[in-house]
Amino acid sequence: MTDDLSDLQVQAPRRRFRQIDPGARALVVAVCVMLMLVAALLPWVEGATGWQVLFGLAPKGAVIGFVPVLFAFCAMVFGVLVSGAALVTRLWGLAFAGAAGCGFSTLTALLAVWSQQATSSHEPGPGPGIGIILGLVTLIVLTYQWVKLTFTRD
Numbered sequence: 637m638t639d640d641l642s643d644l645q646v647q648a649p650r651r652r653f654r655q656i657d658p659g660a661r662a663l664v665v666a667v668c669v670m671l672m673l674v675a676a677l678l679p680w681v682e683g684a685t686g687w688q689v690l691f692g693l694a695p696k697g698a699v700i701g702f703v704p705v706l707f708a709f710c711a712m713v714f715g716v717l718v719s720g721a722a723l724v725t726r727l728w729g730l731a732f733a734g735a736a737g738c739g740f741s742t743l744t745a746l747l748a749v750w751s752q753q754a755t756s757s758h759e760p761g762p763g764p765g766i767g768i769i770l771g772l773v774t775l776i777v778l779t780y781q782w783v784k785l786t787f788t789r790d
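The sequence shown begins at 637 in the working numbering and counts up one residue at a time.
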């Protein structure tokens, strides 16, 4: 009987150590995940939506480079899938992956916005769509939330 209790006492702190308690931040992260999905439905590059950019289904004539596609992939993987999984499981490892991945996705978002500003002939480019801007702002908020959660554990 005492062996069972001692095993439980050893396992409880380890289990607590691996989990996070997002508290009120969970609502902010959940809203950001929803905003990432909304951003994917809005125009990103030359009238193509985020989903079209991600899956290569852009309208004919739309020139989409590699950077917006990379951003679309990273935003959906880290901004939606990893963030959602971290909220559901409350595992510290997934929260840390969300912080690192959303940080990387923010950098790709900045590059994607920048890539739409100018062309190689030094003339103004088509400009980023509202969806790519919403995705950038949402990823900045997500990165802040995940970094704050992962580095302020008990």
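Backbone N, C-alpha and C fix where the C-beta goes; we use that ideal spot for every residue, glycine too.
Mind checking whether residue i and residue j have CB atoms under 7 Å apart?
i: Ile-776; j: Trp-728; result: no
i: Gly-765; j: Pro-695; result: no
i: Ala-721; j: Ala-731; result: no
i: Gly-701; j: Ser-751; result: yes
i: Cys-738; j: Leu-706; result: no
i: Ser-719; j: Val-669; result: yes
i: Ala-628; j: Leu-747; result: The shown model of the chain, from 637 to 790, leaves out residue 628, and the question about it has no answer.
i: Met-672; j: Ala-735; result: no
i: Ala-745; j: Leu-717; result: no
i: Ala-708; j: Leu-693; result: no
Using 8 Å for Cβ pairs, my map puts residue i next to residue j. What's the rounded Cβ distance?
i: Ile-768; j: Val-749; result: 6 Å
i: Leu-677; j: Gly-686; result: 7 Å
What does the Cβ neighbour count give for residue i, buried or exposed, with the cut at 16 atoms within 10 Å?
i: Val-667; result: exposed
i: Ala-660; result: exposed
i: Leu-785; result: buried
i: Thr-788; result: exposed
i: Pro-704; result: buried
i: Val-681; result: buried
i: Thr-794; result: No statement about residue 794 is possible, as the shown extent of the chain runs from 637 to 790 and does not include it.
Tell me, please, which residues DSSP counts as bridged to residue i.
i: Ala-684; result: Val-681
i: Leu-727; result: Gln-655
i: Pro-764; result: Val-681
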